[in-house]
Structure formats: C-alpha cells, structure tokens
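Below is one structure, written out as structure tokens, with a few remarks after it.
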Amino acid sequence: MGYFVVAVGTVPASVAAWWSGEPVAGLVVLSLVVGGYAAAIRNAPGALVTSVLGWLFLNGFASGER
C-alpha cells in the first residue's frame with residue numbers, strides 16, 4: 029500500500045516542483061502525503077519504508093536533475 033501512496037503522491041509532487049521551479053516544493057508535497065499515510069497506518073517501520081521510497085521517487089522522477 030505504501031508503494032501505491034508514493035506513486036500517487038509523486039504526481040502532485042512533480043507538478044508542484046515543475047510549477048514553482050524548485051524541487052523543494054515537490055519534497056513538501058510528498059512529505060505531506062507520506063506523513064498523512066504514516067499517521068493513518070500508525071506503523072513506524074511501514075512509515076519509514078514508505079518515506080525512503082518517497083525520497084527515491086522524488087529524486088528520480090520529480091526533480092529531473094539526477
């Protein structure tokens with residue numbers, strides 16, 4: 029489920045990064061998505077894995093610099 033949340037959350041994160049011109053905006057949006065998911069599942073290891081996955085997605089897809 030965490031993979032799906034990150035995959036769906038990457039879309040608004042990449043739009044935010046593109047619209048503002050700064051990759052930090054994408055990080056903020058994806059952090060809010062992953063934080064909401066972590067609060068909903070209340071599972072620390074699951075939230076940690078999801079946040080790492082989100083970081084990899086953001087670096088690979090939303091920033092477009094790497």
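Everything in the sequence shown is counted per our numbering, starting at 29 for the first residue and increasing by one. We treat Cβ as the ideally placed atom computed from N, Cα and C, and that holds for glycine.
Inter-residue CB distance, residue i and residue j (contact presumed, cutoff 8 angstroms)
| i | j | result |
| --- | --- | --- |
| residue 61 | residue 30 | The Cβ separation is near 11 angstroms, so there is no contact. |
| residue 41 | residue 54 | 4 angstroms |
Buried or exposed by the 16-neighbour rule on C-beta atoms within 10 Å, applied to residue i
| i | result |
| --- | --- |
| residue 94 | Bear in mind that a pLDDT of 46 at residue 94, under 50, signals an unreliable position, so the model cannot answer this. |
| residue 37 | buried |
| residue 82 | buried |
| residue 67 | exposed |
| residue 73 | exposed |
Contacting residues, own chain, Cβ-Cβ under 8 angstroms from residue i (five flanking each side not counted)
| i | result |
| --- | --- |
| residue 34 | 58, 61, 62, 78, 81, 82 and 85 |
Reduced DSSP category for residue i - H, G, I as helix; E, B as strand; rest coil
| i | result |
| --- | --- |
| residue 37 | helix |
| residue 47 | helix |
Chain-order list of residues whose beta-carbon lies under 6 angstroms from that of residue i (same chain, five-residue window excluded)
| i | result |
| --- | --- |
| residue 44 | 53, 54 and 57 |
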